[in-house]
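Okay, so here's the structure we're looking at.
There are 2 protein chains.
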Amino acid sequence: VKAAFDGTTVRCGQDGLTLYDQAGFGRKEGNGLKLAPQEALYLLQRGKIKIDDYDFDKLLAVFAEQPNIVRSYFVYRDLRERGYAVQTGPHDFRVFKRGQRPGKGESLYFIRVISERDPIQFSSIIKEVNTAHNMRKQYVLATVDDENELTYYEIKLQTPPHLEPFPIFPSINGTIVGKSTIIHVPPKSQFEEAWFGSRLDDNRLLLSPFETIYLAGIGDLSLKIDMRIISVEDLIQRAQETDTEFLHKLKVYEDLRKRGYIPKTGYKFGHHFRVYSGQKPHSEMLVHAIEENAEMPMITISRSVRLAHSVKKKMLFGCVYSTGIQYIEFARIKL
Amino acid sequence: VKAAFDGTTVRCGQDGLTLYDQAGFGRKEGNGLKLAPQEALYLLQRGKIKIDDYDFDKLLAVFAEQPNIVRSYFVYRDLRERGYAVQTGPHDFRVFKRGQRPGKGESLYFIRVISERDPIQFSSIIKEVNTAHNMRKQYVLATVDDENELTYYEIKLQTPPHLEPFPIFPSINGTIVGKSTIIHVPPKSQFEEAWFGSRLDDNRLLLSPFETIYLAGIGDLSLKIDMRIISVEDLIQRAQETDTEFLHKLKVYEDLRKRGYIPKTGYKFGHHFRVYSGQKPHSEMLVHAIEENAEMPMITISRSVRLAHSVKKKMLFGCVYSTGIQYIEFARIKL
């Protein structure tokens with residue numbers, strides 16, 4: 001099929017309409033077909049169209065001056081080679097179910113193309129995923145690295161379902177030591193049954209800052225430093241002095257505990273919490289608490305997802321809004 | 336043994352000297368023994384000393400008002416329980432070979448204690464490791480998480496040995512498309528033999544920005560955009576516009592290539608490069624390029640080390656100095 005390039009857009013005449021009818025390329029315009037840059041490049045490389053004065057390298061070099069076109073082309077090509085019909089828009093591609101195509105079928109994925117260095121703004125991703133879910137589409141991030149290799153991530157909003165609540169704890173006094181708290185309870189106390197604390201010796205259980213504040217907040221633990229009673233607010237204040245992330249980590253900790261989950265430190269996995277859904281030998285999620293307006297380069301998220309995957313856990317970010325926590329899961333997928 | 340606490344320091348009289356002689360606790364002072372806070376807490380918890388008016392909780396609560404004492408105590412206790420004699424200083428502990436002790440033997444490790452949130456300043460760690468190596472000691476970071484669990488990392492300075500150099504490449508022209516470069520070579524070209532580029536189709540090989548600049552820099556590749564010849568400097572300029580880390584990543588890339596290694600994108604592992612020492616099926620190192628004055632929270636490094644370990648690779652940071660690259664390896668160890 002002959003096509004023309006006016007310096008901005010590639011168009012075909014009436015004979016190009018077969019490209020649309022048979023495989024969903026382009027968008028109809030008058031009697032002809034208008035091709036997106038990725039479509040034109042793909043068809044040109046495959047020898048399906050010819051453009052006077054432009055070979056593939058030259059057309060790619062022209063389009064490459066626009067941001068994102070090269071990487072977006074690689075994603076487009078990969079999706080086409082996997083047998084999907086793909087339409088450009090709304091962000092950046094709509095991918096149809098296998099065997100279906102524009103005008104004749106339904107799209108399955110919304111695909112956003114980004115580079116490994118692009119920052120992920122969690123609040124705006126959450127909005128996009130919400131929109132996609134409302135339209136019953138899966139939201140997929142296609143990331144392109146410096147060698148133009150592709151990785152796909154499905155992004156899902158999660159609300160961990162409520163589990164059985166923990167029993168009521170007995171009233172107890174604690175002594176603050178640094179940021180932790182010592183309580184005097186024998187081994188196999190109710191606290192340990194609910195996976196609070198780590199054992200210091202046969203008499204003493206050591207509660208982490210989150211555990212201390214959670215237990216003091218639900219009213220069962222009164223705290224003192226050197227004979228002086230200290231309030232939960234004072235304790236939060238103390239903790240924040242050496243940890244700027246403390247407050248949003250605490251919110252995620254409390255939310256998970258209230259839902260019946262057991263969050264423990266995730267340090268060995270490089271994240272805030274490893275989370276158990278009940279007293280099980282293995283934790284099932286890594287949860288990293290982030291602020292509402294948090295931003296992270298994609299390569300950092302890629303590291304988290306890869307790590308979580310290697311230890312067979314889900315990777316969730318807990319985004320702290322004033323109204324509650326929005327959990328967002330990143331999972332590598334093969335399309 | 337009876338000891339006294341003056342509000343700052345715990346001391347024993349002459350009968351305390353057996354603690355030093357038999358197990359290397361404390362430092363001699365006059366006729367008696369002066370104990371570091373960690374030593375006093377350990378001996379008190381073990382019931383080896385008694386202090387009027389102070390039980391363990393009370394002494395710990397007092398010392399806990401000093402920064403780092405609680406976490407440092409947990410490391411001290413762990414090392415003692417593993418059967419090591421430990422002396423405080425220079426940073427933070429000297430650990431003796433098993434069966435040896437202060438005055439009678441040699442220390443093996445210098446141990447620095449940090450919390451999971453502490454920032455690691457690479458340049459100052461490099462200095463400390465250097466000092467330790469000059470004294471023929473291993474440098475170990477003991478990290479303490481929010482639940483007072485311990486993880487030990489050995490830190491080593493590395494200089495990857497030179498491997499066989501790559502052959503000379505033929506002169507060739509390339510077309511810049513975005514940040515990558517297209518060269519026209521048939522499959523199994525010399526470039527691919529040295530693991531440069533990724534294949535676009537049977538005629539075209541796509542070079543990444545690092546590969547392009549490296550090959551152009553050693554003089555075998557001349558580059559053009561839209562008929563116009565472009566210099567290596569222009570290309571570096573272009574790349575830096577969208578990537579603030581570009582320059583130090585490039586320096587590490589070039590250094591590794593000059594040593595005969597093959598760095599490829601490490602995106603899938605969440606780091607800058609995966610590095611092959613020759614044409615092998617698996618890469619052996621993950622290398623992350625950082626600036627001379629880079630700083631990173633320990634939890635972030637923990638994530639990197641855990642990930643590298645899970646894919647059986649070494650985790651190296653390439654610290655870019657004006658005089659060259661200093662590679663520094665973090666490896667989790669069991670003491």
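These protein sequence lines map, in sequence, to chains D and P.
Residue numbers for the first sequence follow this note's numbering, beginning at 1 and rising by one.
Residue numbers for the second sequence follow this note's numbering, beginning at 336 and rising by one.
The beta carbon of each residue, even a glycine, is placed where N, CA and C say it ideally should be.
Any C-beta of chain P under 9 Å from that of D/ALA64:
yes
Under 9 Å Cβ-Cβ, which residues of chain P neighbour D/ILE299?
GLY601, TYR602, GLY605, HIS606 and HIS607
I'd like the list of long-range same chain contacts for D/PHE25, defined as Cβ closer than 6 Å, with 5 residues on each side in sequence excluded.
LEU19 and GLU39
Local Cβ density within 10 Å of P/GLU528, reported as buried at 16 or more and exposed below that:
exposed
Using only the alpha-carbon positions, how far apart do D/SER310 and P/LEU642 sit?
8 Å
Less than 9 Å between CB atoms is the rule here; does P/LEU395 satisfy it with respect to chain D?
yes
Could you tell me the boundaries of the alpha helix (DSSP H) in which D/LEU235 lies?
232-241
Okay, do the stretch 402-417 of chain P and the stretch 441-451 of chain P touch, 3+ Cβ pairs below 8 Å being the bar?
yes
Just mark P/LEU636 as buried or exposed, buried being the case when its beta carbon has 16 or more other beta carbons within 10 Å.
Just to set this straight, residue 636 of chain P is Ile in the shown sequence, not Leu. The residue in question, P/ILE636, is buried, as its Cβ has 16 or more Cβ neighbours within 10 Å.
For D/LEU307 and chain P, any beta-carbon pair shorter than 9 Å?
yes
Measuring alpha carbon to alpha carbon, tell me which of P/SER458, P/ASP536 and P/LYS649 ends up nearest D/PHE74.
P/ASP536
Is D/SER304 helix, strand or coil by DSSP?
helix
Reference D/PRO339, options D/GLU29, D/SER189 and D/GLU149, closest by Cα:
As displayed, chain D neither begins before 1 nor continues past 335, which places residue 339 of chain D out of reach and without an answer.
CB contact below 9 Å: D/ASP146 versus chain P
yes
Using the C-alpha atoms, what's the distance from D/MET298 back to P/GLN422?
44 Å
Could you have a look at D/THR354 and say whether DSSP puts it in helix, strand or coil?
Here chain D has residues from 1 to 335 only, and residue 354 of chain D is not among them.
Looking at the structure shown, is P/ILE503 part of a helix, part of a strand, or coil, going by DSSP?
coil
Taking Cβ positions only, does P/SER637 come closer than 9 Å to chain D?
yes
Give, in chain order, every unbroken run of the alpha helix (DSSP H) that is at least 4 residues long and sits entirely within the stretch 340-411 of chain P.
352-358, 372-380 and 391-398
Quick check on DSSP: helix, strand or coil for P/GLN693?
No information on residue 693 of chain P is available, as it lies outside the stretch 336 to 670 that chain P covers here.
Distance check for D/ARG259 and D/PHE191, CA to CA, integer angstroms please.
17 Å
Can you find a C-beta in chain D that's less than 9 Å from the C-beta of P/PRO544?
yes
Got a sec: is the Cβ-Cβ distance from P/ARG429 to anything in chain D below 9 Å?
no
Quick one: residues in its chain with C-beta nearer than 6 Å to the C-beta of D/ALA132, no 5 flanking neighbours on either side, listed in chain order?
PHE110 and TYR139
Proximal residues of chain P, C-beta to C-beta of D/LEU45 below 7 Å:
In the sequence on display, residue 45 of chain D carries Gln and not Leu. Near D/GLN45 (Cβ distances below 7 Å), the residues of chain P are ASP536.
With P/VAL479 and P/SER450 assumed to form a contact (beta carbons below 8 Å), what rounded beta-carbon distance in angstroms separates them?
6 Å
Nearest to P/GLY367 by alpha carbon, out of P/GLN435, P/GLY348 and P/ILE384?
P/GLY348
Would a C-beta distance cut-off of 9 Å place D/GLY314 and D/MET296 closer than the cut-off?
According to the sequence shown, residue 314 of chain D is Lys rather than Gly. Contact: no.
My guess is that P/GLU626 and P/VAL587 are in contact by the Cβ rule of under 8 Å, so how many angstroms apart are they, rounded?
Going by Cβ atoms, the distance from P/GLU626 to P/VAL587 rounds to 11 Å, so no, they are not a contact pair.
Please compile the residues from chain D whose C-beta is within a distance smaller than 7 Å of the C-beta of P/LEU541.
ASN148
Take the Cβ of D/ASP53 as the centre, count every other Cβ of all protein chains shown within 10 Å, and call the residue buried at 16 or more, exposed below.
exposed
Which of the residues in the stretch 435-453 of chain P, read from start to end, lie with their CB under 7 Å from any CB of chain D?
GLU451 and ARG452
Helix, strand or coil for P/GLN525 per DSSP?
helix
Measure the beta-carbon distance from D/LEU221 to D/ILE230 and round it to whole angstroms, keeping in mind my assumption that it falls under 8 Å.
Their Cβ separation, rounded to whole angstroms, is 11 Å, which puts D/LEU221 and D/ILE230 out of contact at 8 Å.
Report the rounded CA-to-CA distance for P/GLU463 versus P/VAL345, giving the unit in angstroms.
30 Å
Can you tell me whether P/THR494 is buried or exposed? The criterion is at least 16 other CB atoms within 10 Å of its CB, across all chains shown.
exposed
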